[in-house]
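Residues in the sequence shown are numbered consecutively from 866, following the numbering used here. Using N, Cα and C, we set each Cβ at its ideal position, and we do this for glycine too.
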Amino acid sequence: MTNFHISHGAEVAAALRDGRPVVALESTIVSHGLPRPDNLRVAREIEQAVRAAGAVPATIGMVAGRLVVGLDDDQLTRLATADGVAKLSVRDLAVAAATGADGATTVAATSAVAAAAGIGVFATGGLGGVHREAAQTFDESADLVTLARTPIAVVCAGVKSILDVGATLERLETLGVGVLGYRTRRFPGFYLTDAGFDLDWSVDSPEQVADVLAAREQQGVHDGGLIVANPLPADEQLDPALHDRTLAEGLARLERDGVTGKAVTPFLLAHFHSATEGASLAVNVRIILRNADLAARIAVAAARRRAVAA
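Right, here's the structure in full:
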């Protein structure tokens, strides 16, 4: 293979050409974040949630070394069911392409590829961030530094609650990444509605988010990302007591088994799924479906705004 350019699915290419709303979706949640066979079903449901809200889904991944924006169903099935699918951050993309790998893109890689493809809105579950004990391990997700230099709006339920949320917010501030609460002034904690930290800014509608994106573009002084933190309603979150107990057990197992680096998040998410008897999986699915819907409505509002301004 000698052509390493980004490929576009036909539907996504047509939507971008015509100025229609498009929402980027990651593939790591399909290959590494959800158990089989739920992962493929949920991936299709996520795409359908985007369509139902009026936008075109663009799930991003790598198939046999080809980086694709807008996987078709066969490609999505391949990444959901094949063994040995690589977990790709931004630094891995070129190597994986040159070696002909199948790969699922993380938040960082999906953000970077989406922005390069001209997509301005991305829906995910929860961001990566600063890991607990990072002062000793220096373990921090590439999501943060990538968003510092990538002009994309990321709709998420905050950062994963298995991380050091306070330290992550401090790093986002230092890196210049904007954080908006969607109808809240409290930062969500993925499985939890409230992670315990205040936010400076809040918006109440997709149109307001579209205005923020337009202001950023017209000012031309900030190239970083924008996090739109969309919390679960309190009655849909994981039971906080169950969450805290499960997290403590999982962290103890991490230390016992010496799990580090990229393996930490999948390990803890799998532990949550097992220890909560599937309750965390149900919450995870609610999170991503809600975020896909909101991201699509933001993309629609942004496209409408551009059409009026043209």
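In the DSSP assignment, residue 1132 falls within the alpha helix (DSSP H) that extends over 1129-1140. Looking at the backbone, the Cα of residue 1065 and that of residue 1048 are separated by about 12 Å.
Judged by DSSP secondary structure, residue 871 falls outside any alpha helix (DSSP H); it is assigned neither H nor E. For residue 1071, the enclosing alpha helix (DSSP H) has its first and last residue at 1071-1084.
When rounded, the separation of the alpha-carbon atoms in residue 872 and residue 881 is 13 Å. Here DSSP, grouped into helix, strand and coil, assigns residue 939 to helix. Under the three-state reduction of DSSP output, residue 1063 falls in the strand class. Taken through DSSP and simplified to helix, strand or coil, residue 1028 comes out as coil. Going by C-alpha positions, residue 1117 is about 44 Å away from residue 877. Note on the region 962-1029: whole beta strand (DSSP E) runs with a minimum of 3 residues are 968-970, 986-988, 1018-1021, in chain order.
Collapsing the DSSP output to three states places residue 1175 in coil. DSSP places residue 1157 in the helix class (H, G or I) of the three-state scheme.
For the set 1130, 1155, 1134, the Cα lying nearest the Cα of residue 1004 is the one of 1130. In this structure, the straight-line span from the alpha carbon of residue 1079 to that of residue 1164 is close to 12 Å. Ranked by how close their Cα comes to the Cα of residue 1075, the residues 1092, 977, 1134, 970 have 1092 in first place. By the Cβ-count criterion, residue 868 is exposed, with fewer than 16 other Cβ atoms from all chains shown falling within 10 Å of its own Cβ. With 16 or more other Cβ atoms inside 10 Å of its own Cβ, residue 1145 counts as buried.
Taking all protein chains shown into account, residue 886 has 16 or more neighbouring C-beta atoms within 10 Å of its C-beta and is therefore buried.
With a 10 Å radius around the Cβ and a threshold of 16 neighbouring Cβ atoms, residue 1162 comes out buried. Classified as buried, residue 962 has 16 or more neighbouring CB atoms from the shown chains inside 10 Å of its CB.
Taking C-beta atoms as the reference points, residue 874 and residue 972 fail to come closer than 8 Å.
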